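Taking the working numbering, the leading residue of the sequence shown gets 33, the next gets one more, and so forth.
Worksheet: one structure, shown below.
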Amino acid sequence: MAERTLIIIKPDAVQRRLMGRILSRFEDKGLKIVAAKLMHISEALARQHYAVHEGKPFFEGVVRYLSSSPVLVMVLEADGVIGMARKLMGKTFGNEAE
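The following block contains the structure:
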């Protein structure tokens, strides 16, 4: 059964014009992009998205960063998409990606 997962291409990747390369990596692995929107995330939405980390030392910085400039938000769909996306992007750190 097909799964769906949310992907946020963060401000630095958008500013460095890496969106096309990132999208190609997903498509090359057979992942279907079912929705995508370039948007500026508000501080309130960033706080909500990272609420599980509230009170941790990095929380305020990550909220400021995510709401600092536009991001590309998208939904990917495929069988096993969650695991594949984590493998492609790295669980938390992009430099751990394959």
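A virtual CB, placed ideally from N, CA and C, is assigned to each residue, including glycine.
Since we're looking at a predicted model, the values are computed, not measured.
Coarse secondary structure for GLY62, derived from DSSP in three states: coil
Secondary structure of SER101, DSSP reduced to three states: coil
What does the alpha-carbon distance come out to for the pair GLY121 and HIS85? Per the sequence shown, the amino acid found at residue 121 is Met instead of Gly. Answer to the nearest angstrom: the Cα atoms are 20 Å apart.
Inter-residue Cα distance where the pair is LYS64 and PHE90: 32 Å
Does the separation of the CB atoms of VAL103 and ILE73 fall below 7 Å? yes
Where does LEU38 fall in DSSP's three states? strand
Enclosing alpha helix (DSSP H) for ARG118 [first to last residue]: 113-121
With distances taken from CA atoms, which of VAL113, ASP111, VAL105, LYS119 is nearest ALA67? VAL105
So which of GLY52, GLN47, GLU109, ARG36 has the shortest CA-CA distance to SER100? GLN47
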